[in-house]
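Novice: For the sequence shown, the numbering used here assigns the number 216 to the initial residue and increments by one for each residue that follows.
I'd like to ask you about the structure that follows.
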Amino acid sequence: MATKKSATAKAAPKTSVKAATKAKAAPKAKAAPKAKAAPKAKAAPKSAPTTKAAPKAKAAPKAPRKAKNTPSNVARAVGEVQKFDDFKPYKPSRGESYMNEGQLEHFRQLLLSWRADLVDEVAKTVGHMKDEASNFPDPADRATQEEEFSLELRARDRERKLIKKIDGTLERISIDDYGYCDACGIEIGIQRLEARPTATLCIDCKTLAEIKEKQELG
């Protein structure tokens, strides 16, 4: 019987020899590389701080000009516009004593000239009022004239009081009691006396007196 079919035809090979050694395992698919995170956008560089312009240096204040002792300044200091003929500021020499005979004479002449001007103004006002006095039929004209006369009379009244004050100052010069502060006894000073010849207080005592007066008035 054909040798039992050649010993039952060699045993069939084992199933595909472990499937050809399990057909080489397919290589694992590599994981897709992680996408790199997009780099953070760099913050915009801060703008350089604006440098403030250096403040302009203030111009040094100009030194106040000293008022010259002119006749008009002397008159303005006492509230009246008067004339002082041939007035010249006194210039003491080096080492000259305060309120010597020359200085006293300087202020005596200044006061006498001022007094003469005031007396002349008072006389002119009286003559002017007599000449201008009229009986205006128009009430408005009469009211205007009366107002003008009232202002002139008040001005003349102040001048009369000033004349009395000048007379008192001349008396003080005659007894050698001029130029010193009545409150503290220090020298009032030539410049202050030329600005206000009838002054009886130094500038410090006068300032304190004015402050006290304002406080009392409220």
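By construction, the Cβ of each residue, glycine as well, lies at the ideal position given by its N, Cα and C atoms.
Predicted model, so just to flag it, every value in this text is computed and none were measured.
How many angstroms separate the CA atom of Q360 from the CA atom of L333?
Specialist: Each residue's Cα considered, the two are about 23 Å apart.
Novice: Short of 7 Å in beta carbon distance, which residues of its chain neighbour I388, apart from the five on each side in sequence? Order them along the chain.
Specialist: So the list reads L319, F322 and R323, once near-sequence residues are dropped.
Novice: Looking at R330: is its Cβ nearer than 8 Å to the Cβ of I403?
Specialist: No, Cβ-Cβ distance for R330 and I403 is not below 8 Å.
Novice: Quick one: measure Cβ to Cβ for E367 and T340, integer angstroms, because I've assumed they're closer than 8 Å.
Specialist: Indeed, because the Cβ distance is near 5 Å, the residues count as touching under 8 Å.
Novice: CB-CB under 8 Å to D419, same chain, minus the five flanking residues each way: which ones, in chain order?
Specialist: Hits under 8 Å: C399.
Novice: Please report the residue range of the alpha helix (DSSP H) in which D419 lies.
Specialist: From DSSP, the alpha helix (DSSP H) with D419 extends over I418 to L432.
Novice: Put E311 into one of helix, strand or coil per three-state DSSP.
Specialist: In this structure, E311 counts as coil in the three-state DSSP scheme.
Novice: Can you say whether Y393 is buried or exposed, counting buried as having 16 or more other CB atoms within 10 angstroms of its CB?
Specialist: By the 10 Å Cβ count, Y393 comes out buried.
Novice: Label I381 either buried or exposed according to how many other C-beta atoms from any shown protein chain fall within 10 Å of its C-beta, with 16 as the threshold for buried.
Specialist: With 16 or more Cβ atoms within 10 Å of its Cβ, I381 is classed as buried.
Novice: When the distance is taken between beta carbons, is F302 closer than 8 Å to L326?
Specialist: No; because the gap between Cβ atoms is not below 8 Å, this pair is not in contact.
Novice: Measure the alpha-carbon distance for P307 versus L416 and round it to whole angstroms.
Specialist: P307 and L416: Cα-Cα distance of roughly 21 Å.
Novice: Identify, in the order they occur along the chain, each residue of the same chain with its Cβ nearer than 7 Å to the Cβ of D397, setting aside the five sequence neighbours on each side.
Specialist: Cβ neighbours of D397 beyond the five flanking positions: T415 and L416.
Novice: The alpha helix (DSSP H) that contains T410, what's its start and end?
Specialist: Note on residue identity: the sequence assigns Ala, not Thr, to residue 410. From DSSP, the alpha helix (DSSP H) with A410 extends over I405 to A410.
Novice: Alpha carbon to alpha carbon, what distance is there between E363 and D391?
Specialist: C-alpha separation (whole angstroms): 42 Å.
Novice: For Y395, write down the residues that DSSP places opposite it in a beta bridge.
Specialist: E402.
Novice: Just tell me which of A355, A338 and Y395 has its CA closest to the CA of N315.
Specialist: Of the candidates A355, A338 and Y395, the one whose C-alpha sits nearest the C-alpha of N315 is Y395.
Novice: In whole angstroms, what separates the C-alpha of L406 from that of P412?
Specialist: Looking at the sequence shown, residue 406 is not Leu but Gln. Rounded to whole angstroms, Q406 to P412 spans 9 Å at the Cα level.
Novice: Distance, Cα to Cα, E369 vs A355?
Specialist: A small fix is needed here, since residue 369 is Arg in this sequence, not Glu. Approximately 21 Å between the Cα atoms of the pair.
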